[in-house]
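Have a look at the structure below, then the notes.
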């Protein structure tokens with residue numbers, strides 16, 4: 001059964017068919033009634049982004065009205081489609097996301113709009129792999145090129161180095177190659193395998209603002225438009241045999257597409273869609289005019305997405321996660337989501353990252369895998385973060401804990417941002433440092449407003465004040481549950497680093513000289529050392545846990561350390577002025593920038609994730625008995641003691 005629909009005078013039929021390349025997948029295919037042969041050669045439908053909507057227009061009718069496929073958009077920039085599935089994708093720069101809709105049976109975009117990739121910065125370019133069912137995009141703010149499944153899952157960073165302002169992206173799935181433009185300080189066009197291999201620069205001279213990019217799959221040509229030089233050029237797919245198609249006479253060409261012998265492009269100055277012969281630029285004409293803000297454009301036709309079998313078509317190529325097409329034999333490669341390692345069989349991905357860096361920014365939380373070299377920050381989907389400061393992790397239950405001094409609370413969520421909860425909400429003034437006792441299942445924090453150190457169970461019950469005297473500006477706090485100690489910094493008028501038993505007793509000043517603003521503190525359990533970062537002296541120092549053998553580890557280019565953590569051989573810290581996350585090897589003092597140009601950085605925590613991780617020191621989980629009808633808050637000190645909650649008297 002078919003339903004007839006019309007797009008700007010063109011009839012289409014939706015017919016229910018089973019895709020020949022993917023067994024057990026049934027979906028609607030958009031098919032055109034056979035037109036006259038001469039008509040089909042010159043009259044495709046053009047799909048274009050118009051910032052506030054997506055539209056389809058008949059290329060053969062100069063004054064045809066464009067049909068709105070999706071309206072009410074914020075800032076649609078790039079657009080693409082998967083013809084065989086009736087799916088249209090677009091990037092919205094204002095909403096920092098990639099979205100999609102399904103064409104309905106009437107041929108319109110009446111389907112629901114879904115966000116498939118959230119948390120982007122500036123998604124400029126977008127391309128669909130219609131054969132292996134993948135989504136590729138560029139981000140000109142993070143300077144990355146990424147890939148995911150068509151539903152946005154299994155997101156992976158392919159390129160993150162030597163990118164300046166990546167924009168247009170085009171795919172050649174039949175040959176396993178991808179192409180993109182970069183209009184940064186060193187403008188160029190690059191090519192690489194769709195699996196992230198075989199990267200090379202193919203055009204780098206006489207190029208300035210390479211905006212539009214399209215491929216001629218039959219003639220094996222690459223076309224691009226340069227908005228600064230006002231031309232359209234072409235070359236072979238390897239960058240050789242460059243030729244002029246349209247000389248420097250175009251006002252401001254932006255996006256470019258091709259159908260048979262005709263090129264089509266959008267122009268920002270004329271607010272129009274133009275066309276010409278792909279061979280010599282002849283027969284130029286205005287296809288569609290008076291466009292609000294013409295952005296990306298594609299010929300909407302099955303002829304642009306020829307179907308064929310690929311190595312990924314059968315059983316996902318044997319891959320546990322991503323199957324990416326490749327130009328090299330066996331013409332595919334298995335890949336893993338961002339931050340996850342591929343096992344030695346080259347087919348199977350680990351269950352997840354084994355080492356993570358958890359980051360608190362003022363208004364969001366992020367997770368960075370330390371297993372892979374791209375150090376991509378994934379934003380956790382947690383609402384209503386006002387002013388996060390410190391962060392810690394419980395490896396037993398998998399919860400992240402953080403302080404927020406704007407809502408005056410301590411909160412927690414799972415590693416993926418799920419199950420977000422408020423833990424402590426009352427009598428909190430300026431919660432600053434936070435630390436999890438993963439053995440006794442307690443939560444410690446400093447409060448620079450009340451000048452106290454407090455403890456509670458991990459669920460917020462059985463709260464107790466541990467230290468309330470001689471505190472000025474308590475900040476960082478770290479625990480050694482095995483030895484039964486807690487350590488904290490105080491950046492008040494008399495800066496110091498102190499130690500006490502986990503129950504608050506046996507308090508001892510370890511350092512009170514040559515300190516300024518000791519913001520960060522970290523423990524090396526294996527080597528029994530304490531590291532700290534000082535934002536006033538601009539140094540990272542280290543000493544034994546008993547306060548002896550103090551020495552400077554780093555004293556150069558540390559303008560304002562804040563967050564501070566240690567994992568394995570590396571110390572990690574955030575810097576407010578440099579807007580960066582860096583790490584230093586604790587023995588060699590060699591430094592490396594993890595993330596740069598990221599504002600509002602606060603606390604951070606590096607941690608092993610149980611499961612695939614090195615067990616580290618997680619065998620101690622103690623179940624404490626209840627007494628007198630209530631559960632005590634127990635501190636796993638050298639001789640475990642149980643604290644009576646505030647306002648209660650123990651028996």
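Residue numbers (UniProt numbering): 1 to 651. Ideal placement from N, C-alpha and C gives every residue a C-beta, glycine not left out.
6 Å CB neighbourhood of residue i in its chain, flanking five on each side removed
i           : result
residue 114 : 100
residue 592 : 583
residue 579 : 597, 598, 599
residue 216 : 258
residue 540 : 533, 553, 554
residue 195 : 324, 326, 333
residue 199 : 192
residue 451 : 471
residue 83  : 302, 305
N- and C-terminal bounds of the beta strand (DSSP E) containing residue i
i           : result
residue 277 : 272-277
residue 442 : 442-447
residue 393 : 388-394
residue 188 : 188-193
residue 475 : 474-480
residue 422 : 421-424
residue 69  : 67-70
residue 377 : 377-379
residue 580 : 580-585
residue 265 : 262-267
residue 148 : 144-149
Residues near residue i in its chain [Cβ-Cβ closer than 8 Å; skip 5 each side]
i           : result
residue 238 : 191, 202
residue 122 : 93, 96, 139, 140, 141, 142
residue 516 : 491, 495, 534, 535, 536, 537
residue 480 : 486, 487, 523, 525, 545
residue 384 : 407
residue 566 : 522, 523, 524, 531, 572, 586, 606
residue 631 : Its pLDDT being 36, under 50, residue 631 is placed unreliably by the model, and nothing is read from it.
residue 272 : 266, 286, 287, 288, 289, 290, 291, 294
residue 363 : 385, 386, 387, 388, 600
residue 236 : 220, 221, 222
Proximal residues to residue i (C-beta, below 7 Å), its chain only, five neighbours per side dropped
i           : result
residue 361 : 388, 600, 601, 602
residue 357 : 368, 370, 572, 604, 606
residue 308 : 131, 174
residue 493 : 472
residue 80  : 89, 126, 127, 128, 298
Coil, strand or helix - residue i by DSSP
i           : result
residue 366 : strand
residue 83  : helix
residue 155 : coil
residue 304 : helix
residue 519 : strand
residue 99  : strand
residue 290 : coil
residue 408 : coil
residue 402 : strand
residue 4   : Confidence in residue 4 is poor, its pLDDT being 28 and thus under 50, which makes the residue's placement too unreliable to answer from.
residue 599 : coil
residue 461 : coil
residue 130 : coil
residue 439 : coil
residue 536 : coil
residue 116 : strand
residue 456 : strand
Nearest to residue i (by Cα), restricted to the options the options
i           : options            : result
residue 652 : 60, 67, 63, 62     : Because the chain spans 1 through 651 in this model, residue 652 falls outside it and cannot be assessed.
residue 482 : 523, 226, 472, 589 : 523
residue 138 : 153, 179, 173      : 179
residue 226 : 249, 241, 215, 216 : 249
residue 334 : 156, 288, 98, 454  : 156
residue 211 : 224, 218, 199      : 224
residue 43  : 52, 241, 60, 54    : 60
residue 295 : 167, 247, 395      : 167
residue 608 : 233, 570, 364      : 570
residue 177 : 160, 161, 188, 197 : 197
> Along the chain, which unbroken stretches of the beta strand (DSSP E) at least 3 residues long are found entirely within the stretch 543-571?
Replying inline: 551-554, 561-567
> Unbroken alpha helix (DSSP H) runs of length 4 or more, entirely within the stretch 310-362: which are they?
Replying inline: none
>> Runs of 4 residues minimum, wholly inside the stretch 202-254: which ones carry the alpha helix (DSSP H) assignment?
In response: List check, alpha helix (DSSP H) in window: nothing returned.
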